[in-house]
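Position one of the sequence shown corresponds to residue 1 (UniProt numbering), numbered consecutively onward. Below: one structure, written as structure tokens.
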Amino acid sequence: FKEACKEIREAKEMLKALEKGIMAMAIEQRNSNEEEEGGSKRDQEQETLLKDIKEIEIKTSMINLTNRRRKVPRIIQKKKETYKKKSLKGEQEKRREKKGEELEGEVEVQ
């Protein structure tokens, strides 16, 4: 569990560094393109870089989700089996007598 967390942290750090590098490259290209040419090429390159960044973010979020799912323990529900005891006739009579006594006791209290 701890090893997986460390791996995830390392991957996040690497992706953040990659993202910073891409953003720096985008800024450099934008500056050089502004000096040399018009803005159409700059816009296209910027869009592609932004798409790449979004793809990287999506991949990292998907990796994080799958890792979270793996970490969560799965709950296995056990089916409860209920068994009714086969009561003997004598036991049934005793139960009926007890119920009858309880009912008679309630009637007397009223």
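Positions of the beta carbon are idealized from the N, C-alpha and C atoms, including for glycine.
By the criterion of a C-beta distance shorter than 7 Å, residue 26 is surrounded in its chain by 46, 49, once the five residues flanking it on both sides are discounted. Straight through space, the alpha carbons of residue 28 and residue 21 are spaced by roughly 11 Å. If you compare the alpha carbons of 67, 92, 98 with that of residue 2, the shortest gap goes to 67.
Taking 7 Å as the cut-off, the Cβ atoms of residue 19 and residue 58 do not count as close. Contact between residue 63 and residue 11 is confirmed by a C-beta separation of about 7 Å, below the 8 Å threshold.
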